[in-house]
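Structure first, commentary second.
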Amino acid sequence: MSSYGWSGKILRVDLTTGRIWTEKTLERYRDYLGATGIGYKVMWDEVPAGVGAFDPANRIIFGGGPLIGTGSPCGGRVAITSLLPTSYPTEVIGSGHMGGHWGSELKFAGWDAIIVQGKAPSPVWLAVADDKVEIRDARSLWGSGIYRATAEICQEMGGEAQVAAIGQAGEKLVRMACVMNGNSHSAGGMGGVMGSKNLKAIGVRGTGSVKIAAKKKEWKSLVNHVLSLAGSNNQWVVPSTPQPWAEFHATSSRWTARKGLYWGAANPPVETGTCDPHDLNSIGYRCQKAVFDLGPIAEQFTVRMDGCHSCPIRCHIQISVPSAEKYGVSRYAANTCVGWWGRNVIKNYPDGPRGMTALEGAVVGKHMTDDYGVWCNYGQIARDFQYAYEKGVLKKVLSEAEYKSIPFGLYEKGSPEFIKDFVRRIAFREGEFGFALGEGTARLARRWGFGRDFFGYEWNVWNEKLGYPKHHSNENGGQVGTLINTQYNRDSQCHSHVNLYSCGLPLGIQKRLAAEIFGSGDAIDAYRNYTPMNVYKAKFAKWSLIRKELHDSLPLCNWMFPWVVSPLKERGYKGDTSIESRLYSAVTGDGKSEAEMDLVAERIFNLHRALTIRGMKTKDMRKEHDLVPDWVYDYPKDAKPLSPGSDKMDREDMQRAFDLFYRECGWDVATGSPTRETYRRLGLGYVADELEKEGLLAQA
Amino acid sequence: MTDETEAEQRRILTAKIAEQVREESRSTGRLSPLNAFFQEPYNLNREDAEEVLRSLAADQANADIRVIRDDKRGDLYLYASPHVCEAYAASLLLAKISDPCDVIAETVREESRLYPRPTCSLLFHLPPYGLSPEAMPSYVREMGRREEMRDIKTFEASNGVSYFYSERHMSLAHARGLAEWIEVEQFENQ
């Protein structure tokens, strides 16, 4: 039977035995779509509780889904699923996500996913050239950074190969290690798992094509429809400055394009311009991300925007900062958002947080972190260090010799030289400093005896047990953002709610559009004027989470989707929340409605929940997992909960929020665990059976 | 001249004017004053102008050409949608005909009501407002003196950037909280 969207094959590699074989995608994984869906299914079936992230028995699953490589707009992301080295005390399920072109190249090579198990006897890399797959010796690459590994592999496979690699951090089993591809696309947290398997990299070269079920004209029409509704990065649908075409605008918008704003280092400079939303050829100009991420100073150093396969948004920045060379790094740097995290290691730059030195810090940081392959835990690692430094913890936990060896003078001066030392120590696990900071927040805080104040507002920690920071939490939607941040085993990486909350449209329009989906405009509040919890917010939270899983499995970029809104006044600013199902149906020929796709996504989301229950050996998720830090209720001190001007939540109100949310999810309200009936409804009866045997199934 | 010839000439003239308005809207984002067409090369008189407006309104091909009126002086301005939208045209007209304090007050009230959000003072230096940064303090003082603008308040975010809000539609606490988010906290959020 022809396979549309999917290639129909999954590559399996056992590095212990060297065995390479193929699995049929649809036979086992059709109901889980791809990427995280396949990842969770593999982890459920093959990796029992008790296996550690660095054990050979652990799997690491790389994959896109049926949409990757088809040209679906914003359909270029790849999930890497495994056990999270940073979660504590048990290494439980998690995924990192990376964009770029690696995932589509894998599809062109004829593979839906790669599942790696075991551990090679010595360092290896995997060469995938269409259906020719080889495990190759990586001893000459081991010990080198990601840049060199990528260059060397491309020498062997050809310049068009895409390489996902780890740096020294991953090799040395630093828990805070990432996987990189394409110079600026990273998947956090999974580098150490690759390192534990002696797997340096996966190079992919694909010369095939992807079959799409829809007729050409129908497909083109659908893609144009999708593009017509695109906003800018994070689906901001209004510009940041008043524009003649725009009824609304918002200062915080990432739609920064305007006359007089340039890619200043292009030759000649490229003006971003007015960017009327009806001009689909100017979508890539809408977000001058350099000025958004790095400040107005970055305009003159911006060469161009960049991004992922088949994405029109172009949210990655390519800059050229000649003065960065004095730190011994290339002037050319590319990344986006928190990918520039190395800059934030320095708290105070001499010319301010968005001055020239900070810009140089961004370049230095990018090269250090992206070459050594050190992850940041959504920026938390910098705060971990700053807390330890400012509170005098480092003086207590480091030997005198080690403390003196660290160039804190550079840190105090705000010199990017410090970033080089900082990242190197972590990548190579140098001393107590390098080792402990690379262990992740949860282990670090315990090892160094951080005080309770570390878990206050200033330091951003969300879940002190699992050790991850907030990521679009109460500050992005009150109870909705709060609930979302409790559901994963790392920072939630969920933008579904943000893409409505932060679209820039007036509240009345947001409420009107929200009402169409959630039943009432009460699902959404004004920013910083939150009202008590209600059932519509529970629906919004659930929908946001299952849409995130849908996006991670299809894939479509959750930093953009879902599109509740659009920039088009003639549509009443309405987007199209059926885009996911329409793209899926057109590509695969498997016609599914929006509701049917949401059911698939709900299945995937609940499988993640079940994996966490099994891994943590608890069914009382409400008490043991779904934690809300005290600062959500206590900060700022002088504000009342749910009062205008703050994001402060109310404890009782949040308990009600959990009740409503769990009910909405079909989970036992007392424990926050899916019930047998919910598992059954989602085709996960086998999951319920196993959990019941382990005493981990909630009784309805 | 026959009726037919006259009608054809009017049609050509209307099309030319429409095209000019479109080009001005598209390339400059500005309003086209009707009285500009009383000058060379069009040399319209009042009657001609009214006829042009009637023709524009009647012809579906020119449905994108809109008219906005300065109610105080009776002047008319043209613009082409979607290059210039109705809201922007209204802001352009407000900036053109009103004194700066009225521009600030009207805009601030609208933003406080609609979004709701406080208004950054830096907005008024940008198109369509174009107010001089040097003159802003004097506008703020003047607004403070006007009874009808008592609802317009001002404060600074912690990074020193000034904001306005209308207490008819927002509280100071809400306005401050939002400004702080926009100016400082959203960047600390990463």
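Protein chains in written order, with our numbering: chain G, 1291 to 1990; chain A, 157 to 346. A virtual CB, placed ideally from N, CA and C, is assigned to each residue, including glycine.
With DSSP collapsed to three states, give me the class of residue i.
i, result
"A/Cys257", "helix"
"G/Ile1370", "strand"
"A/Met326", "coil"
"G/Lys1314", "strand"
"G/Met1470", "strand"
"A/Leu279", "helix"
"G/Met1646", "helix"
"G/Met1291", "Any answer about G/Met1291 is weak, because its pLDDT of 47 lies below 50 and its placement is not dependable; what the coordinates show is given next. DSSP places G/Met1291 in coil when its eight states are reduced to three."
"G/Arg1904", "helix"
"G/Tyr1874", "helix"
"A/Thr293", "Reading off the sequence, residue 293 of chain A comes out as Pro, not Thr. It is helical."
"G/His1387", "strand"
"G/Ser1864", "The displayed chain sequence assigns Lys, not Ser, to residue 1864 of chain G. DSSP places G/Lys1864 in strand when its eight states are reduced to three."
"G/Lys1490", "strand"
"G/His1539", "coil"
"G/Tyr1758", "strand"
"G/Glu1561", "strand"
"G/Leu1416", "strand"
Apply the 10 Å Cβ neighbour rule to residue i and answer buried if 16 or more other Cβ atoms are within range, or exposed otherwise.
i, result
"G/Asn1634", "buried"
"A/His330", "buried"
"G/Met1291", "At G/Met1291, the pLDDT of 47 sits below 50, so the modelled position is not reliable; the number obtained from the coordinates is stated separately. By the neighbour-count rule (16 or more Cβ atoms within 10 Å), G/Met1291 is not buried but exposed."
"G/Ile1383", "buried"
"G/Ser1499", "exposed"
"G/Tyr1817", "buried"
"G/Pro1926", "exposed"
"G/Lys1930", "exposed"
"A/Ser294", "exposed"
"G/Thr1867", "buried"
"G/Asp1641", "exposed"
"G/Pro2066", "The displayed coordinates of chain G run from 1291 to 1990. Any statement about residue 2066 of chain G would go beyond what the structure contains."
"G/Trp1392", "buried"
I think residue i touches residue j, with their Cβ atoms under 8 Å apart; what is that distance to the nearest whole Å?
i, j, result
"G/Met1333", "G/Thr1371", "7 Å"
"G/Val1628", "G/Val1653", "Not quite, the Cβ-Cβ distance comes to about 16 Å (not below 8 Å), so this is no contact."
"G/Tyr1662", "G/Gly1435", "6 Å"
"G/Thr1562", "G/Leu1551", "5 Å"
"G/Gly1460", "G/Ala1467", "4 Å"
"G/Ile1807", "G/Phe1895", "At roughly 17 Å, the Cβ-Cβ gap does not stay under 8 Å, so G/Ile1807 and G/Phe1895 are not in contact."
"G/Pro1759", "G/Asn1819", "That pair is no contact at about 25 Å."
"G/Pro1602", "G/Pro1363", "6 Å"
"G/Cys1577", "G/Arg1548", "Actually they are not in contact, since the Cβ atoms of G/Cys1577 and G/Arg1548 sit about 12 Å apart, beyond 8 Å."
"G/Leu1684", "G/Ala1678", "5 Å"
"G/Tyr1319", "G/Val1877", "G/Tyr1319 to G/Val1877, Cβ: 16 Å. No contact."
How far does the beta strand (DSSP E) with residue i in it extend, from its first residue to its last?
i, result
"G/Arg1302", "Lys1299 to Asp1304"
"G/Gln1608", "His1606 to Ser1610"
"G/Gln1452", "Gln1452 to Ala1455"
"A/Glu312", "Ile308 to Glu312"
"A/Ile224", "Ile221 to Arg225"
"A/Leu135", "Since the first residue shown for chain A is 157 and the last is 346, residue 135 of chain A is missing from the structure and cannot be characterised."
"G/Glu1424", "Lys1422 to Asp1427"
"G/Ile1671", "That residue, G/Ile1671, is in no beta strand (DSSP E); its alpha helix (DSSP H) goes Gln1670 to Glu1680."
"G/Val1751", "Val1751 to Asn1753"
Looking at the secondary structure, which residues open and close the alpha helix (DSSP H) in which residue i lies?
i, result
"G/Phe1725", "Gly1721 to Leu1727"
"G/Ile1328", "Ala1325 to Glu1336"
"G/Leu1584", "Lys1579 to Leu1584"
"G/Gln1407", "It is not in any alpha helix (DSSP H) - G/Gln1407 instead sits in the beta strand (DSSP E) that spans Ala1403 to Gln1407."
"G/Phe1951", "Arg1941 to Cys1955"
"G/Gly1975", "Gly1975 to Lys1983"
Problem - At least 3 beta-carbon pairs within less than 8 Å: the region 1509 to 1524 of chain G vs the region 1477 to 1485 of chain G - result: no
Practice task
Count the CB pairs spanning the region 1912 to 1920 of chain G and the region 1747 to 1764 of chain G that are closer than 8 Å, and state whether there are at least three.
Solution key: yes
Handout entry: Three or more C-beta pairs below 8 Å linking the region 1483 to 1500 of chain G and the region 1455 to 1472 of chain G
Key = yes
Exercise for the section: Could you say if the region 209 to 222 of chain A and the region 237 to 244 of chain A meet the contact criterion of at least three C-beta pairs nearer than 8 Å? Expected result: yes
Practice task
Specify whether the region 1889 to 1908 of chain G and the region 1962 to 1981 of chain G touch according to this definition: at least 3 beta carbon pairs, one from each stretch, less than 8 Å apart.
Solution key: yes
Exercise for the section: Answer yes if the region 1329 to 1347 of chain G comes into contact with the region 1419 to 1434 of chain G, meaning at least three C-beta pairs across the two stretches below 8 Å, and no otherwise. Expected result: no
Exercise for the section: Assess, as a yes-or-no matter, whether the region 1395 to 1408 of chain G is touched by the region 1503 to 1511 of chain G under the definition of 3 or more beta carbon pairs within less than 8 Å. Expected result: no
Practice task
Give a yes or no on contact between the region 1520 to 1533 of chain G and the region 274 to 291 of chain A, applying the rule of three or more CB pairs nearer than 8 Å.
Solution key: yes
Practice task
Would you check if there are 3 or more beta carbon pairs closer than 8 Å linking the region 1695 to 1711 of chain G to the region 1644 to 1660 of chain G?
Solution key: yes
Exercise for the section: Evaluate the contact criterion for the region 1402 to 1421 of chain G versus the region 1298 to 1314 of chain G: three or more CB pairs, one atom per stretch, below 8 Å. Expected result: yes
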